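Novice:
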Amino acid sequence: MDYKVPAGNPEKPQGADGYALLERMNAGHHEMLANWGLSYLSLADDARVLDCGCGGGANLLRLLAKAPAGKVCGIDYSDVSVNLSRETCAAQIKEGQVEVVQGDVGALPFDDDAFDAATAFETVYFWPDFAGALAQIKRVLKPGGVLFICNESDGSSEKDQAIAEQIDVMTLYTPAQLKDAVREAGFANLRVMHDRTRGYVCVLAEKPRA
Ligand SMILES: C[S@@+](CC[C@H](N)C(=O)[O-])C[C@H]1O[C@@H](n2cnc3c(N)ncnc32)[C@H](O)[C@@H]1O
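For what it's worth, the numbering used here labels the leading residue of the sequence shown as 1, then goes sequentially.
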């Protein structure tokens, strides 16, 4: 079967097609994935959370719902994603509960030990230096802070493989590959959740305390 990459550049959304693509991601299958993955993530009420590759921003609101007295910061290197995230979270930005920053996960513009949790939904496929980005995330997490990666593809479906072949910068990861990368980056207490029927996978891990 012929599988086509959706218009709009999922790896770095651009233009009107990118905006429409992100609006679809904010709901639809990304919503199902996020709700599945977030059922495994516990956050303190006042947690400071970083969402890497925040896209259209719907997950910023889902994270804020889990940490209502905290603060959620989204980062994305696409200006279309940053703009839509800012629209999606306009009220929460005004209240100082959400911030959206334009930047690359390979060079996070935050202090060391700044966040209690860092999340990455549907984005690690596109990080050219996965190890380097994990090192950056580890740097900005507090000791004991949680890394959470959530992918709708465990790399096994023919459709996902066909799409990844069409996007130069896209890499699919099996659950074992994700786990190895996170362990090699120096995280501890790894847990992997895998829904084999839907192909969903998420990895939870902690920055060691000492
Ligand atoms: C498929 S979208 C997913 C968006 C959102 N996380 C979601 O689940 O709906 C991938 C997002 O990751 C962003 N992204 C990819 N590589 C990035 C990088 N190196 N730094 C920052 N953002 C990145 C893209 O710009 C895009 O907005």
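Beta carbons: idealized from backbone N, C-alpha and C, even for Gly. Every value quoted in this text rests on a predicted model; they were computed, and no experiment measured them.
Identify every residue that forms a DSSP beta bridge with Met25.
Specialist: To locate residue 25, count along the sequence shown from 1; it is residue 25. In the DSSP output, where bridge partners are listed per residue, Met25 has none listed.
Novice: Can you tell me whether DSSP reads Val216 as helix, strand or coil?
Specialist: Outside the shown range of the chain, which is 1 to 210, sits residue 216, and nothing can be said about it.
Novice: Look up Ala205 in the DSSP assignment and say whether it is helix, strand or coil.
Specialist: Against the sequence shown, residue 205 aligns to sequence position 205. Ala205 falls in the strand class under three-state DSSP.
Novice: Say the cut is 7 angstroms; is the CB of Asp195 nearer than that to a heavy atom of ligand 1?
Specialist: Locating residue 195 in the sequence shown gives position 195, counting from the first residue. Checking every heavy atom of ligand 1 against the Cβ of Asp195, none is found closer than 7 angstroms.
Novice: Grab the span of the beta strand (DSSP E) containing Glu99 for me, first residue to last.
Specialist: Position 99 of the sequence shown, counted from the start, is the residue given in the question as residue 99. Unbroken beta strand (DSSP E) run through Glu99: 98-102.
Novice: Buried or exposed: which applies to Asn35, given that a residue is buried once 16 or more other Cβ atoms fall within 10 Å of its Cβ?
Specialist: Counting from 1 along the sequence shown, the entry for residue 35 is found at position 35. It counts as exposed.
Novice: Among Pro13, Gly103, Leu64, which residue has its Cα nearest to the Cα of Cys263?
Specialist: With the chain running from 1 to 210 in the structure shown, residue 263 is simply not present.
Novice: In whole angstroms, what separates the C-alpha of Val105 from that of Trp127?
Specialist: The count along the sequence shown starts at 1 and reaches residue 105 at position 105. The count along the sequence shown starts at 1 and reaches residue 127 at position 127. So the two alpha carbons sit approximately 8 angstroms from each other.
Novice: With Leu147 as the anchor, note down where its beta strand (DSSP E) starts and where it stops.
Specialist: Locating residue 147 in the sequence shown gives position 147, counting from the first residue. Leu147 -> beta strand (DSSP E) spans 141-151.
Novice: Would you mind working out which of Ala58, Asp79, Val80, Ser78 sits nearest Val247, comparing C-alpha positions?
Specialist: Shown here, the chain extends from 1 to 210; a query on residue 247 therefore has no answer.
Novice: I think Asp17 touches Gly8, with their Cβ atoms under 8 angstroms apart; what is that distance to the nearest whole Å?
Specialist: To locate residue 17, count along the sequence shown from 1; it is residue 17. To locate residue 8, count along the sequence shown from 1; it is residue 8. Yes, they are in contact, since the Cβ atoms of Asp17 and Gly8 sit about 4 angstroms apart, within 8 angstroms.
Novice: Exposed or buried, which one is Met25 when buried takes at least 16 other CB atoms within 10 Å?
Specialist: By 1-based counting over the sequence shown, the position of residue 25 is 25. With 16 or more Cβ atoms within 10 Å of its Cβ, Met25 is classed as buried.
Novice: Report back the beta-carbon spacing between Leu60 and Val101 to the nearest angstrom; my notes put them in contact at under 8 angstroms.
Specialist: Here residue 60 refers to the residue found at position 60 of the sequence shown. Here residue 101 refers to the residue found at position 101 of the sequence shown. Contact doesn't hold; Cβ gap of about 11 angstroms is too wide.
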